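Numbers 205 to 365, taken from this note's numbering, label the letters of the sequence shown in order. Here a beta-carbon is modelled for each residue, glycine too, at the ideal position from N, C-alpha and C. Small disclaimer: the values here were computed from a predicted structure and weren't measured.
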Amino acid sequence: MEKANSIINRISRILDVMAGIALFSVMALVVANVLLRALFRSPILGTFELVCFLTAIGIGLALASCAVQNGHIAVDLLVNRFPCRAQGVIDSLTNGAALVFWMVVAWFIAEQARIMSASGEVSSTTQLPLSPVVYLISLGIFVLGLVLLFKTIESLKKAVG
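Shown next as structure tokens:
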């Protein structure tokens with residue numbers, strides 16, 4: 205169990221590094237576009253689309269790492285006053301509900317990517333295929349679901365023991 209949790213944590217860190225690269229690429233692309241537009245009157249075509257794709261990838265891939273670090277917003281002012289077992293039950297319910305929700309979301313997004321891939325859907329300006337972007341977002345959300353699975357198991361142990 206601990207080994208699987210460690211593997212998921214490592215995967216989430218790798219995805220977080222990929223997210224950082226995507227967001228760095230956004231910055232570099234915007235700076236390059238501004239400089240090329242100002243100095244040579246020749247902007248990078250499709251910058252808006254590329255920035256949108258890279259930002260979506262960055263957010264999607266960073267979700268699991270955020271969950272591992274408990275970087276999300278949590279209102280536990282009231283819950284922290286409860287006994288340890290009650291906290292475990294509440295955490296189990298919230299993590300379990302989030303797990304189900306995000307796994308369903310990952311499934312539907314992957315299905316949408318499959319449909320986009322089959323139809324050959326591309327972006328309007330750059331004509332880049334959309335499905336790889338959507339698959340990456342689905343991957344990030346799926347790994348978020350795995351993190352939530354282990355958090356749910358930990359919460360259940362806290363509730364029982």
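- Considering only L265, G324, V326 and G275, the residue with the shortest C-alpha distance to I218 is L265.
- Bounds of the alpha helix (DSSP H) holding G292 are C288 to S323.
- In this model, I215 and E206 are separated by some 14 Å (Cα to Cα).
- With contacts defined by Cβ atoms closer than 8 Å, I345 and I313 form a contacting pair.
- K361 counts as exposed, since fewer than 16 other beta carbons sit within 10 angstroms of its beta carbon.
- Between L233 and V255, the gap from beta carbon to beta carbon is short of 8 Å.
- In chain order, A223, A226 and L227 place their CB closer than 6 Å to the CB of G262, counting only its own chain and leaving out the 5 sequence neighbours on each side.
- Judged by DSSP in its simplified three-state form, V337 adopts helix.
- Under DSSP, V364 forms no beta bridge with any residue.
- Using a Cβ-Cβ distance cut-off of 8 Å, the segment 351-358 and the segment 289-303 are in contact, since at least three pairs of beta carbons, one from each stretch, lie closer than that value.
- For V326, the secondary structure class from DSSP, reduced to helix, strand or coil, is strand.
- Secondary structure note for N213: its alpha helix (DSSP H) is the uninterrupted segment E206 to F244.
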